[in-house]
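Residue numbers (our numbering), protein chains in the order written: chain A, 1 to 293; chain B, 1001 to 1293. What follows is a short report on a single structure.
In structure tokens:
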């Protein structure tokens, strides 16, 4: 398998699917659609939908089986970035090398574009042509992972953490397992679920996603120090400047690097039962370990 | 039928259901749950879930058939109020006689509480025990009505309208049919759908809801002038103070009152095919016409 080619193909599926969901509105609220499309077309790694496709394929499914859910999970990720960047939250002007949504469309429109994208995600999944019971189970996983017990909860811990004098490694890990990990878990779990994975299969993919999620976040913290701003898409050193506690500030660069390797190995180990079928998922973990953006 | 008693019973169902969905979170994000619960328990007329129950019953369904969707639609309405009240939006300090969510929990937490409530609504409906195909169809209606082509779209028109020198009656009607009307439509439509209404039945209930939605909004504008602040739950005259175009400022008080009566009659006329079964829905329309909050 040519991993690079395979990865590019999956990503191109995702870009196509997102393109197909670009909106226009008819009653004068076109500017809302513009803001939503602007955010959705902002590039990004599309890592969540790619994991979902890969998980589905590992269990014998096809990419198009997760067409709706993969598109929806990227919409949910995108809405969360719009709201995270707001002045009342992280107050970021730039995202992936472009102005953030509220800098272009105003704060009010950015709040509403986020709301509309989140809502649209659940409309999109309602069009799934898969077995209705499976679809509903997947909607449940998606909503739970995206909500207060998942991604939004992680964002809350992030906000509360900023007000503390110091936060522990455990706090950081819990926060990231919600903020970043929950949607990665949902991506793998829903992909496997839609392809008909059994309980053991789901358990294995959950383990993979949990370890991958932490490796992914520590790597992100490392890139904030070691990365190239032009490639990374946001200013380097912004965590330090903002006095933000990260894995790197808690553990040091060397230890953090080691942790990325350890969690990557843990993720790859979870794939052992799947043998050759897990080749893409395995390579994906190594790819994320070595990424520069 | 004793309408008052019947109305109170339905409302008490809704309050119970909301109470059952009060949240606690386990990983330190309890304050998010607090903010969500604070907003949900803020009283309000619970008009959307009551319409949903009534629509279901009119087609032979039971209140508990819409347990999940009725709870969810009130969550979506509640999230929209939290976000509407934000400083970047309407910047309101008071709502239903209490401080708004961002005044109590801060702007960042209010944004996230809204996000989490919206997401939770779609988790709640995924637990519906009705026929899976019907459940998915209802999720589709709910998401479409709540999103950019519905409620959020109406909020966008509201924001854009405030920047215009003057807005027309037609603009106002389109805006309200989205901002208020879309969720009222969803309430009636989903109630009927879950109870197995046929195409003609759905068409009739849609007509009822469309007319009721406009009557409801014009009445709201009238209450902003004629109401009692303590009963209405927000300051009287705030629309005028904010230079807001309303049905009353466009049409004058007398004409606006007449319109409420006309649209109420139109709503009631749509119920003719249902005869005695529509008694509660009919009384509800007259009740809303005469309400003082």
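Idealized CB from N, CA, C, for every residue including glycine. The model shown is predicted, which means the values in this text are computed figures rather than measured ones.
The alpha helix (DSSP H) that contains residue i, what's its start and end?
| i | result |
| --- | --- |
| residue 1037(B) | 1030-1040 |
| residue 1048(B) | 1047-1058 |
| residue 1174(B) | 1169-1179 |
| residue 145(A) | 132-146 |
| residue 1249(B) | 1247-1251 |
| residue 998(B) | Because chain B here runs from 1001 to 1293, residue 998(B) falls outside it and cannot be looked at. |
| residue 1201(B) | 1199-1226 |
| residue 238(A) | 238-241 |
Hey, residue i and residue j are a contact pair by Cβ (cut 8 Å); roughly how many whole angstroms apart?
| i | j | result |
| --- | --- | --- |
| residue 1053(B) | residue 1183(B) | So it is not a contact: roughly 15 Å between Cβ atoms. |
| residue 176(A) | residue 189(A) | Actually they do not touch by this definition, with Cβ atoms about 18 Å apart. |
| residue 1220(B) | residue 1238(B) | Residue 1220(B) to residue 1238(B), Cβ: 12 Å. No contact. |
| residue 1186(B) | residue 1140(B) | With 8 Å as the limit, residue 1186(B) and residue 1140(B) do not qualify as a contact, their Cβ atoms being about 10 Å apart. |
| residue 1007(B) | residue 1287(B) | 7 Å |
| residue 257(A) | residue 222(A) | 7 Å |
| residue 1101(B) | residue 1088(B) | At roughly 14 Å, the Cβ-Cβ gap does not stay under 8 Å, so residue 1101(B) and residue 1088(B) are not in contact. |
| residue 1215(B) | residue 1289(B) | 7 Å |
| residue 118(A) | residue 1118(B) | 6 Å |
| residue 1181(B) | residue 1213(B) | 3 Å |
Of all Cβ atoms in chain C, is any one closer than 8 Å to the Cβ of residue i?
| i | result |
| --- | --- |
| residue 155(A) | Within the model displayed, chain C is absent; protein chains A and B are what it includes. |
Give a yes or no on whether the minimum CB-CB distance between residue i and chain A is below 8 Å.
| i | result |
| --- | --- |
| residue 1027(B) | yes |
| residue 1120(B) | yes |
| residue 1036(B) | yes |
| residue 1252(B) | no |
| residue 1088(B) | yes |
| residue 1031(B) | yes |
| residue 1083(B) | yes |
| residue 1143(B) | yes |
| residue 1152(B) | yes |
| residue 1140(B) | yes |
| residue 1211(B) | no |
| residue 1019(B) | no |
| residue 1023(B) | yes |
So what's residue i in DSSP terms, helix, strand or just coil?
| i | result |
| --- | --- |
| residue 1257(B) | helix |
| residue 1282(B) | helix |
| residue 89(A) | coil |
| residue 1164(B) | coil |
| residue 64(A) | helix |
| residue 22(A) | coil |
| residue 1009(B) | helix |
| residue 1075(B) | helix |
| residue 94(A) | strand |
| residue 1002(B) | coil |
| residue 288(A) | helix |
| residue 126(A) | coil |
| residue 1195(B) | coil |
| residue 1277(B) | helix |
| residue 118(A) | helix |
| residue 44(A) | coil |
| residue 1157(B) | helix |
| residue 1271(B) | coil |
| residue 1150(B) | coil |
Using a Cβ cut-off of 8 Å (strictly closer), state whether residue i contacts chain B.
| i | result |
| --- | --- |
| residue 77(A) | no |
| residue 193(A) | no |
| residue 174(A) | yes |
| residue 183(A) | no |
| residue 203(A) | no |
| residue 100(A) | no |
| residue 148(A) | yes |
| residue 91(A) | no |
| residue 179(A) | no |
| residue 129(A) | no |
| residue 111(A) | yes |
| residue 108(A) | yes |
| residue 74(A) | no |
| residue 49(A) | no |
Measuring CB atoms only, is the segment 276-286 of chain A touching the segment 1266-1285 of chain B, in the sense that at least three cross pairs come out at less than 8 Å? no
When the Cβ atoms of the segment 65-79 of chain A are set against those of the segment 104-112 of chain A, are three or more pairs found closer than 8 Å? no
Should the segment 1028-1038 of chain B be regarded as contacting the segment 1247-1263 of chain B, the criterion being three or more beta carbon pairs within less than 8 Å? no
Answer yes if the segment 192-202 of chain A comes into contact with the segment 161-181 of chain A, meaning at least three C-beta pairs across the two stretches below 8 Å, and no otherwise. no
Taking 8 Å as the cut-off, does the segment 153-160 of chain A touch the segment 116-129 of chain A (at least 3 CB pairs, one atom from each stretch)? no
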